[in-house]
Amino acid sequence: MSQSRREKIESMLKDDPGDVFLRYSLALELEAAGEWEAGIDILQELARAEPPYVPAFQMAAQHLVAHGRTEDARRALREGIEVARSQGNAHAAGEMAELLMSLGEAGE
32 MSQSRREKIE SMLKDDPGDV FLRYSLALEL EAAGEWEAGI DILQELARAE
82 PPYVPAFQMA AQHLVAHGRT EDARRALREG IEVARSQGNA HAAGEMAELL
132 MSLGEAGE
């Protein structure tokens with residue numbers, strides 16, 4: 032029986048547990064499998080890593096919105112915009128700013 036994509040990612044992570052892209056990929060696989068809380072946990076770890084992994088902020092925000100946690104998503108986006116700008120990633124900062132505006136600044 033062939034391995035699922037998730038199993039392949041988990042196997043590769045055993046060899047290289049610090050691989051940021053593999054961890055990000057696993058978070059997406061967990062979300063797809065309905066294990067969204069575990070996926071968000073990984074994304075938040077990546078966002079707190081040194082250096083922070085910028086794509087994790089937007090993806091965490093999208094997952095949080097999908098599960099009704101809009102205020103948490105806004106927080107992730109605000110922080111992600113700051114980090115992206117500090118890393119010189121204007122494109123990512125712009126994408127996160129657009130998502131933040133689409134959510135509205137105020138609470139529900």
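Following our numbering, the numbering of the sequence shown begins with 32 at its first residue and continues without gaps.
We put the CB at the ideal spot given by N, CA and C, even for glycine.
Between the CA atoms of Ala58 and Pro86 - distance to the nearest angstrom: 12 Å
Alpha helix (DSSP H) segments (min. 4 residues) lying fully within the region 49–80: 51–63, 67–79
Three-state class that DSSP yields for Arg100 in the structure shown: Arg100: coil per DSSP, three-state reduction.
CA-to-CA distance, Glu76 to Ile112, given in whole angstroms: 17 Å
Beta-carbon contacts of Leu95 that lie in its chain and below 6 Å, excluding the five residues immediately before and after: Excluding residues within five positions, the ones whose Cβ falls inside 6 Å are Asp103, Ala104.
Presumed contact (8 Å Cβ cut-off) between Leu108 and Met90, rounded CB distance: Wrong, their Cβ atoms sit about 11 Å apart, outside the cutoff.
Reduced DSSP category for Asp47 - H, G, I as helix; E, B as strand; rest coil: Shown here, Asp47 sits in coil according to DSSP, grouped into three states, outside any helix or strand.
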